[in-house]
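The C-terminal residue of the sequence shown carries number 217 in UniProt numbering, and the numbering is unbroken.
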Amino acid sequence: MLIMKDMAFSWEDRSPCLQNVNLHIHRGEQWVITGENGAGKSTLLRLAAGLLAPSQGTLYLNGTETANMKAVDKAAQAGMLFQEVERQLFHSTVVEEIRFGLRLQGLDKAVIEQRTADALALCELASVATKHPLDLHSGQRRMVAVACLCAMEPPLLLLDEPSRDFDPYWLAVFERWLSQSRERGATVLAISHDPEFNARNFQKVIHVCNGTVKMLS
């Protein structure tokens, strides 16, 4: 599903942030990324999403080198939940936010409406479908971004601190969606500092330290 081969990344005029990265993540696996703040975890996740280009090496997403993929094709293969979801919410209503990515994929209107309705129901957002996402409380606001992923159903889910901003109720809603995503065969790569959440949801660990990446299990 995701292969990083001899990859490195450097911010402009700085020493390497990540170096000699070699990962092979198979379809359906559930990985959590751990490491100290500033170790390069978020950079690794953004590389996996194709939002950053490696300074050297090659990234393959579902068998295709990302350098040869259009942005819309990357989005169909890998969906990302940002740590600060306000950065990925742009529309004036929840329902339009969810529909947007589906429209970019060129899907039929009936398919878009059905997927949108299903996402609203699973993420418990039907009652706020016409509200502005940024007017919702933090847990609901985060679930709007999750609902977009729910509707798109990308085979690879990239989650940055996914349990952040959730009270126990909304965390349960989120984990129900995550469980259903696993059941459909989604691959998950997440950053999380929540040990209890990690124990419930992830099989394997990637540790980032001083620019190096190790698969621990």
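Every residue, glycine too, gets a C-beta built ideally from N, C-alpha and C.
Since the structure is predicted, the reported quantities are computational estimates derived from the model, not experimental observations.
Looking only at its chain, what residues have a beta carbon closer than 7 Å to the beta carbon of residue i, apart from the 5 residues adjacent to it on each side?
i, result
"residue 40", "17, 18, 208, 211"
"residue 194", "163"
"residue 29", "187, 203, 204"
"residue 177", "122, 123, 146, 150"
Do you know how far the Cα of residue j is from the Cα of residue i?
i, j, result
"residue 143", "residue 35", "26 Å"
"residue 113", "residue 12", "43 Å"
"residue 33", "residue 108", "37 Å"
Under the rule that 16 or more other beta-carbon atoms within 10 Å means buried, what is residue i, buried or exposed?
i, result
"residue 121", "exposed"
"residue 180", "exposed"
"residue 187", "buried"
"residue 69", "buried"
"residue 50", "buried"
"residue 133", "buried"
"residue 85", "buried"
"residue 141", "buried"
I'd like the list of long-range same chain contacts for residue i, defined as Cβ closer than 6 Å, with 5 residues on each side in sequence excluded.
i, result
"residue 7", "21, 54, 57"
"residue 83", "160, 161"
"residue 119", "98, 147, 150, 151"
"residue 216", "205, 207"
Rounded C-beta distance between residue i and residue j? I'm assuming under 8 Å.
i, j, result
"residue 101", "residue 150", "Not really, about 11 Å apart at Cβ, beyond 8 Å."
"residue 124", "residue 173", "5 Å"
"residue 71", "residue 158", "In fact, because the Cβ distance is near 15 Å, the residues do not count as touching under 8 Å."
"residue 139", "residue 166", "5 Å"
Spatial neighbours of residue i within its chain, please: C-beta separation below 8 Å, excluding the five flanking residues on both sides.
i, result
"residue 136", "94, 128, 144"
"residue 42", "83, 160, 191"
_In chain order, each beta strand (DSSP E) run of at least 3 residues that lies wholly inside the stretch 148 to 181_ = 156 to 160
*Length-filtered (4 minimum) alpha helix (DSSP H) runs lying within the stretch 16 to 59*: 41 to 49
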